[in-house]
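Heads up, the thing below is written out as structure tokens.
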Amino acid sequence: MLNQKTYSCGICNTTPDQLSHHKSHIQTQKHKDKRELFEFKLSKLSNTELEQTYNTVNINDIITETETILYSNKKLNTINNTIPIHYMASLSDHSLSVTNKEALRDKVHEIHNYLRNHGAGYGMNALKVFNILYGLKKIEENGLLDTVGLKKPDCEFSYLLSLAKEDEDEKLASLIFTHVLDSISDSKIKELLFYEIPKNIRGSVLSYLIKEIDKITSIETTCNVLLSGKIYEYFIGRDETAISELGAYFTDRHIVDYTLHKLNPMIETDGTIPSMIDMFGGSGGFTTGYINHLIEKYPQMINWNTEINKISHFDMNEDVIKSAGLEFFCLTGVLPNMDTLKYKNSFTDEFNDQKYKFVLTNPPYGGDKSNKSDAQLKRDKLKEYIKVELATSDEVVRIRRQKQLKTIEMQEKQEKKEQDKTKVSLSTCSARIQKFAKDNKLKGNDKESCSLMLLMDIVDVDGTVIGVLKEGVFFNKTYKDLRKCLVENYNVREIISVPQDQFENTSTKTSIVIFDNREQKTTEVKFSDLVVERYTEDKFVEINGDIVLLENKDDIIKCTDMLVSTANKDEILSNPICSLNGKDYHKKELVVGDGYKLVKLGDICEFMPKSKRNASDGNVSGKFNFYTSSEKVQKCDEADYKEECLIIGDGGVANIKIDSNFSCSDHNHILKTKHNAYIYYLLTGKIELLSDGFSGSVLKNLSKDYLKNLRIPLPISDKKLQEWVNKISVPYNEKNEKQIKIKEMELFVQKRIKEIEEHEDCDEVNLGSLCEFNSGKFNTCDMDNNGPYLFYNATINSIGCHSNYCFDGEKYLLLIKSGNVKADGLGSVTKLYGKTACVIDTVQIISSININYMYGMLTLLKNKIRKTSNASVGLGHLKMSEIKLMKIKIPKNKQIIQDMEPMFQHIETLYQDIKKSEILYTQYIHELSQEAMPSSK
């Protein structure tokens with residue numbers, strides 16, 4: 001029997017079945033956190049204690065040996081003896097600690113998976129089981145069992161927990177399915193807590209769940225989250241589409257706290273509270289936050305028996321309403337009025353024409369996109385086939401096919417009409433919203449516009465609205481009239497841009513709007529960025545002899561804001577689209593160097609007509625360059641633009657190119673000027689001048705108006721301008737010329753390799769036996785353009801530089817591991833030298849044979865490598881395990897490769913020359929940008 005080696009992490013108590021899995025494990029943040037805690041514990045031991053326990057006093061050695069334990073089958077039974085029992089116990093306790101949102105999500109998913117795998121149901125069914133037990137714990141903690149008439153001790157969570165800890169599984173199950181459920185059904189809390197749940201759930205499953213609930217409910221204070229909302233989101237939105245198709249995203253507690261601090265609600269002089277509504281309430285982030293804020297600010301001063309009726313919470317999901325109602329009850333001790341807390345479609349309800357003092361809400365957005373049915377997908381295939389058939393020369397067949405195609409298209413048109421009836425638009429909304437739109441001459445065909453109209457209409461005189469809205473509402477042309485109406489008829493005070501990662505299950509960007517319905521209308525709007533302050537390092541303390549993680553790195557401390565710009569009412573209304581995007585009013589003072597002047601790009605450039613081509617028109621080969629809005633260059637056989645122009649991508653990541661005799665997609669701005677080269681070099685060095693102009697909720701875009709008004713420094717003297725162009729053009733042109741020469745020589749090498757494989761005696765070996773593979777470490781957003789190391793994203797050309805590096809070596813290859821399967825980049829390789837910074841979508845390949853020969857072979861294998869992604873559309877991800885097993889042919893006669901050495905040396909010389917040119921080019925670009933724009937105020 002083989003004595004198989006296995007790897008174990010004694011710090012995390014894991015035993016992965018492969019070395020690669022173990023290496024991946026020790027790179028995870030979870031492992032790093034536990035490693036740091038282990039190191040801290042060791043530092044507290046004396047040398048004598050270390051020697052007795054680990055036979056060494058060297059902490060680094062202890063960590064290394066514990067982190068990676070290599071053992072065979074023979075050692076399997078004795079491996080636990082290598083780790084002290086008390087240490088393993090402490091690690092077990094630490095693993096239960098949940099301090100941040102990511103850890104909470106993982107923990108809830110773990111509970112959900114356990115329930116699903118043990119017969120408690122999936123999604124909503126599993127959530128119902130959780131909610132009953134979680135609800136009992138909340139009610140007991142707040143001393144409210146008697147208030148609602150729940151039977152003791154049967155419904156006391158502490159009693160159920162004691163049974164679970166004593167492994168009284170059958171007794172526990174019997175109790176829950178009889179006395180507990182019956183008591184809830186007969187109690188005043190029935191509407192909020194009673195659920196029908198599967199009766200076949202085993203007692204052991206309920207015991208597990210009760211113990212887990214006891215552990216994680218401390219999260220509400222440590223993570224500052226509304227646990228009920230997060231539980232719902234993680235149970236139901238596990239695949240990220242269930243939530244997004246509803247168009248509902250739950251607002252985190254730290255954003256709720258921030259908005260309530262901005263609102264600062266106060267009780268009236270008679271002790272009553274102002275009315276408040278969240279008509280898209282979800283699980284109650286804003287409404288429960290409002291209650292909690294008032295309780296903390298005015299303890300024992302509010303009569304909740306009457307005042308609970310002032311808070312209205314509506315949603316179209318009855319389950320989250322029940323969760324919110326339970327929170328209301330636990331906070332106030334009063335059961336909520338089910339007339340102000342209930343199921344309601346706020347887009348169609350009239351709200352009895354009532355208005356409210358405070359409106360705090362996060363309206364739904366998106367979710368109206370219809371997924372194609374199976375019948376629709378089949379029709380698409382049929383249409384494609386018929387369109388091919390239309391090319392037939394048979395007139396009779398062609399007429400019949402055209403008639404069939406028209407019938408299909410009419411059927412689809414009718415189905416679309418039926419689908420549109422179910423979507424939110426002005427025509428499907430309440431008479432109240434329609435009247436507001438008519439009175440203010442507004443239109444709206446989506447949730448975003450209709451919800452903003454409702455916010456404006458439902459707020460009472462002297463009331464305030466705080467809404468978290470999709471960012472496109474603030475600057476897309478579609479909503480221009482809505483913004484104009486808002487600014488002219490209300491007092492818009494603040495717009496706060498929220499970081500993109502603050503809503504889980506979506507990458508849509510949002511902003512917070514704050515406006516009042518007062519006699520004084522908008523005077524000045526403050527535009528700010530929400531700043532999420534986080535702990536920068538872990539902080540451990542010793543409490544009662546135990547080590548406690550007091551502050552966890554990256555956990556949220558609080559939210560503040562940072563002013564970006566301001567704009568008065570006249571400035572906003574004079575904007576062509578009444579934009580409420582702070583970037584459009586950024587009064588940043590540009591400081592230019594001596595001998596330079598500021599000019600608007602629109603004053604010195606001619607904007608050429610935009611291309612009408614799609615990005616898919618680019619090919620792998622062709623006579624001319626074809627540009628999309630990305631950095632990648634494709635090919636085509638027709639040049640739409642003959643003269644030299646600047647090509648600025650209008651989507652994605654800021655980029656600029658310069659070329660003549662080219663074509664491009666419609667996602668580019670084409671500019672022509674007398675100073676093409678100078679502007680290209682300047683904007684390459686000051687790319688933030690372009691990136692600052694990008695805006696959008698999901699896909700960000702760069703507008704023509706922004707470019708026209710972009711001010712750049714231009715030398716006053718034509719001589720100075722030409723000096724810079726001549727200086728920078730030398731390394732730029734040298735680099736381009738030598739790249740063309742290299743390409744010619746590498747094509748010859750590939751042709752020679754093919755001849756060797758077909759006609760020479762070769763060995764077939766696995767690619768993995770000749771190469772070492774290492775993954776990149778960075779994300780594209782990490783690039784700081786402030787260091788000596790070239791930065792590579794998922795392209796074969798560097799896109800900038802970085803202050804840190806992840807790869808080093810005399811020479812090696814870089815493989816593009818991820819990318820669009822329709823583009824040419826996926827599976828491409830390039831040669832690199834020395835230290836470089838590369839993203840996680842790339843792989844470093846260190847070859848044991850001649851690097852140029854390996855480069856040629858991998859280039860020939862590119863199509864085969866690409867196929868390992870198993871994707872025909874969208875993003876593809878290469879399977880490195882399959883690539884390592886690919887068979888390649890190596891000539892048995894090594895002299896054959898040696899004979900190619902002179903050509904390899906020539907190629908290497910050219911590569912080194914290019915590297916020198918790139919460094920010089922980068923240096924000159926930096927010098928120009930520093931001289932032209934030394935700083936900005």
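Residue numbers (full-length UniProt numbering): 1 to 937.
Beta carbons: idealized from backbone N, C-alpha and C, even for Gly.
If you follow the alpha helix (DSSP H) that residue i is part of, which residue opens it and which one closes it?
i	result
residue 191	190-193
residue 833	Premise fails: residue 833 is in no alpha helix (DSSP H) and is neither H nor E.
residue 677	676-685
residue 348	Run containing residue 348: none; DSSP gives neither H nor E here.
residue 764	Note, residue 764: premise wrong, no alpha helix (DSSP H); beta strand (DSSP E) at 762-766.
residue 940	Residue coverage of the chain in this structure runs from 1 to 937, which leaves residue 940 outside it and unanswerable.
residue 883	880-884
Residues bridged to residue i by DSSP?
i	result
residue 164	None, per the DSSP bridge assignment.
residue 927	DSSP lists no partner for residue 927.
residue 8	69
residue 711	600
residue 789	802
Give the range of the beta strand (DSSP E) segment to which residue i is assigned.
i	result
residue 294	First-last for residue 294: 285-297, but that is the alpha helix (DSSP H), not the beta strand (DSSP E).
residue 810	Residue 810 -> no beta strand (DSSP E), and no H or E assigned at all.
residue 358	356-361
residue 534	524-534
residue 498	491-498
residue 746	Not the beta strand (DSSP E): residue 746 falls in the alpha helix (DSSP H), residues 718-759.
residue 875	875-877
residue 560	556-568
Do you know offhand how far residue i's Cα is from residue j's?
i	j	result
residue 183	residue 144	14 Å
residue 469	residue 448	7 Å
residue 215	residue 550	17 Å
residue 167	residue 329	32 Å
residue 301	residue 171	44 Å
residue 919	residue 836	13 Å
residue 484	residue 932	39 Å
residue 778	residue 797	16 Å
residue 655	residue 629	8 Å
residue 62	residue 192	53 Å
residue 839	residue 780	6 Å
residue 556	residue 534	4 Å
residue 889	residue 755	11 Å
residue 349	residue 828	56 Å
residue 922	residue 799	11 Å
residue 820	residue 690	24 Å
residue 911	residue 771	21 Å
residue 312	residue 627	54 Å
residue 265	residue 125	38 Å
residue 299	residue 173	40 Å
residue 426	residue 432	10 Å
residue 66	residue 36	13 Å
residue 341	residue 378	44 Å
residue 424	residue 205	42 Å
residue 415	residue 441	30 Å
residue 114	residue 24	25 Å
Under the assumption that residue i contacts residue j (Cβ atoms under 8 Å), give the Cβ distance between them as a whole number of angstroms.
i	j	result
residue 849	residue 742	Residue 849 to residue 742, Cβ: 20 Å. No contact.
residue 572	residue 487	6 Å
residue 622	residue 636	5 Å
residue 436	residue 462	No, residue 436 and residue 462 are not in contact; Cβ-Cβ is about 19 Å, not under 8 Å.
residue 466	residue 580	No, residue 466 and residue 580 are not in contact; Cβ-Cβ is about 15 Å, not under 8 Å.
residue 356	residue 275	5 Å
residue 858	residue 813	7 Å
residue 711	residue 790	Not quite, the Cβ-Cβ distance comes to about 30 Å (not below 8 Å), so this is no contact.
residue 925	residue 685	4 Å
With a threshold of 7 Å (Cβ to nearest heavy atom), would residue i be considered close to the ligand COA?
i	result
residue 324	Because no ligand of any kind appears in the structure shown, any question about the ligand COA cannot be addressed here.
In chain order, what are the residue ranges of uninterrupted beta strand (DSSP E) at least 3 long that sit wholly in the stretch 590-674? Counting only unbroken stretches of 3 or more residues, the beta strand (DSSP E) elements lying wholly within the stretch 590-674 are 596-600, 605-607, 624-627, 633-636, 645-649, 656-659, 662-664 and 668-673, in sequence order.
Scan the stretch 112-152 and note each continuous beta strand (DSSP E) run of 3 residues or more that stays entirely inside, going in chain order. Restricting attention to beta strand (DSSP E) runs no shorter than 3 residues, the stretch 112-152 encloses none.
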